[in-house]
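Notes follow once the structure below has been shown.
Residue numbers (this note's numbering): 333 to 382.
This is the structure we're talking about:
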């Protein structure tokens, strides 16, 4: 068996979750009232997000 990762051991000892959810929630929840940057009609449109 391999040695346990020190970060995982510290997370277990602290009570923090070892694995965290990746990414963000839905745009409407994380940026309420802001137009989406991947919408061509949006003033916030950015080609990097399309």
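The beta-carbon is built from N, C-alpha and C at its ideal position, and this holds for glycine as well.
**OP:** Kindly list the residues whose CB is nearer than 6 Å to the CB of residue 360, restricted to its own chain and excluding five residues on each side of it in sequence; keep chain order.
**Re:** Numbered from 1 along the chain shown, position 28 holds the residue referred to as residue 360. Sequence-distant partners of residue 360 (beyond 5 residues in either direction) whose C-beta falls short of 6 Å from its own C-beta are missing from its chain.
**Message:** Going by beta-carbon coordinates alone, are residue 374 and residue 368 separated by less than 8 Å?
**Reply:** For the purposes of this step, residue 374 is taken as residue 42 along the chain shown, with counting starting at 1. For the purposes of this step, residue 368 is taken as residue 36 along the chain shown, with counting starting at 1. Taking 8 Å as the Cβ cut-off, residue 374 and residue 368 qualify as a contacting pair.
Mind checking which residues open and close the alpha helix (DSSP H) that includes residue 360? Counted from its first residue, the chain shown places residue 360 at position 28. Note, residue 360: alpha helix (DSSP H), 359-362.
query: Between the C-alpha atoms of residue 356 and residue 362, what's the straight-line distance to the nearest angstrom?
result: For the purposes of this step, residue 356 is taken as the residue at position 24 of the chain shown. For the purposes of this step, residue 362 is taken as the residue at position 30 of the chain shown. If I take the Cα positions, the gap works out to 7 Å.
- [ ] Tell me whether residue 354 sits in a helix, a strand or coil according to DSSP, three-state version.
- [x] By 1-based counting over the chain shown, the position of residue 354 is 22. If DSSP states are grouped into helix, strand and coil, residue 354 belongs with coil.
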